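For the record, the sequence lines run as chains A and B. Position 93, counted from 1, in the first sequence is what the numbering used here calls 93; the numbers after and before it change by one each time, with no gaps. Position 31, counted from 1, in the second sequence is what the numbering used here calls 1031; the numbers after and before it change by one each time, with no gaps. Only one structure is covered here, and it is reproduced in the block below.
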Amino acid sequence: EAGVAQSPRYKIIEKRQSVAFWCNPISGHATLYWYQQILGQGPKLLIQFQNNGVVDDSQLPKDRFSAERLKGVDSTLKIQPAKLEDSAVYLCASRLTGSSYEQYFGPGTRLTVT
Amino acid sequence: DAKTTQPTSMDCAEGRAANLPCNHSTISGNEYVYWYRQIHSQGPQYIIHGLKNNETNEMASLIITEDRKSSTLILPHATLRDTAVYYCIVRGTASKLTFGTGTRLQVTL
């Protein structure tokens, strides 16, 4: 079974530029999550999708961050404009809806904002 | 969701059992205890979860105290590849996971 795919793996941008990350979840997983992990901290949930609908985006900085999952499969997370404090690893995870709450994580995208 | 407290770091000799404690004294009756680990430069990986009873799978065992206020993750024969940050998470009715800073386990020769 293929895992969660993310791209790019690494990205370096200057502050005030825009950046987008892509995630392809495990086939059949209806729930998709985006996390932000700052160095030395645990992952922090940014947004949760159920199919193509948003379930929880309470911790998403909506003035600069946006995410979509148009067809209920792939998802993109965008930052516009980026700030220095956005430097982090952005993790995507997916889950098969049902009784199990096991989340499967991708390898993440490491973003450096200079 | 209830907060968890874990030691910042632990060491374990290869081949020995690694016992990772977690305190969750404010856990409520319908909250599960989950354990994930994160190996360097990888995404977190699910290990095990439980509600009341002790659980065991091919990776680890989870021991939950009778009052459910604490738990211990046991890696029975730690190897160098088990070096990672281990997160203990209490999850309520929502499906989201709230990660703390975890325990950094270093397995040594």
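Quick reminder that beta carbons are idealized off the backbone N, C-alpha and C, glycines included. Being a predicted model, the structure only gives us computed values, none of them experimental.
Residue i CB to nearest heavy atom of the ligand NAP below 8 Å
i	result
Asn-52(A)	You won't find the ligand NAP in this model; it holds no ligand whatsoever.
Listed by chain order, chain B residues near residue i by CB distance under 8 Å
i	result
Thr-109(A)	Ordered by position in chain B, no residue passes the 8 Å Cβ test against Thr-109(A), which lies about 11 Å from the chain.
Under 7 Å by beta carbon: chain A residues contacting residue i
i	result
Pro-1044(B)	Pro-43, Phe-105
Thr-1101(B)	Gln-41, Gly-42
Tyr-1087(B)	Gly-42
Span separating the alpha-carbon of residue i from that of residue j
i	j	result
Val-54(A)	Pro-1076(B)	40 Å
Trp-34(A)	Asp-56(A)	11 Å
Leu-111(A)	Gln-59(A)	19 Å
Ala-1002(B)	Val-1085(B)	20 Å
Ile-1048(B)	Ala-1017(B)	17 Å
Gly-72(A)	Thr-1108(B)	44 Å
Ser-1095(B)	Asp-1011(B)	32 Å
Ala-88(A)	Ala-1013(B)	32 Å
Leu-32(A)	Tyr-90(A)	13 Å
Leu-46(A)	Ser-27(A)	22 Å
Pro-25(A)	Arg-69(A)	11 Å
Trp-22(A)	Arg-1091(B)	27 Å
Tyr-101(A)	Asp-63(A)	30 Å
Ser-66(A)	Arg-9(A)	19 Å
Gln-1006(B)	Tyr-1087(B)	8 Å
Gln-1038(B)	Gln-36(A)	14 Å
Gln-1042(B)	Cys-92(A)	11 Å
Neighbour flag for residue i against chain B, beta carbons, 9 Å
i	result
Gly-40(A)	yes
Trp-54(A)	Note on identity: in this sequence residue 54(A) is Val, with Trp being the wrong assignment. Chain B contact via Cβ: absent.
Ala-20(A)	no
Ala-93(A)	yes
Val-4(A)	yes
Cβ distance (whole Å) where residue i is taken to contact residue j below 8 Å
i	j	result
Tyr-1034(B)	Ile-1074(B)	Not a contact, Cβ separation roughly 15 Å.
Gly-106(A)	Val-4(A)	4 Å
Ser-1009(B)	Lys-1069(B)	Between Lys-1069(B) and Ser-1009(B) the Cβ distance is about 23 Å, and since that is not below 8 Å, they are no contact.
Thr-1072(B)	Asn-1019(B)	5 Å
Gln-11(A)	Thr-114(A)	It should be noted that the sequence gives Lys, not Gln, for residue 11(A). With a Cβ gap of about 11 Å, Lys-11(A) and Thr-114(A) do not count as contacting.
Leu-1105(B)	Thr-1083(B)	6 Å
Gln-50(A)	Tyr-1046(B)	That belief does not hold up - the Cβ atoms of Gln-50(A) and Tyr-1046(B) are roughly 19 Å apart, past 8 Å.
Any C-beta of chain D under 9 Å from that of residue i
i	result
Thr-31(A)	Looking for chain D here will not work: the only protein chains present are A and B.
Min CB distance residue i to chain A below 9 Å
i	result
Ser-1028(B)	no
Ala-1002(B)	no
Leu-1097(B)	yes
Arg-1081(B)	no
His-1049(B)	yes
Ala-1094(B)	yes
Ser-1041(B)	yes
Where residue i meets chain A, residues with beta-carbon distance less than 8 Å
i	result
Arg-1091(B)	Tyr-101
Neighbour list for residue i in chain B, Cβ cutoff strictly below 7 Å
i	result
Ile-48(A)	Here the sequence assigns Gln to residue 48(A), which means Ile is not the residue at that position. Simply Lys-1096.
Check: Does the segment 1056–1066 of chain B come within contact of the segment 79–90 of chain A, defined as at least 3 CB pairs closer than 8 Å?
Finding: no
Margin query: Could you check whether the segment 1041–1056 of chain B touches the segment 10–18 of chain A, counting it as contact only if at least three pairs of C-beta atoms, one from each stretch, sit closer than 8 Å?
Written below: Not touching, per the Cβ criterion.
Next item on the list: Count the C-beta pairs between the segment 67–80 of chain A and the segment 17–26 of chain A that are closer than 8 Å, then say yes if the count reaches three, no if not.
Entry: yes
Checklist line | contact_flag[the segment 1098–1105 of chain B, the segment 34–52 of chain A] where n(CB pairs < 8 Å) is 3 or more | finding: yes
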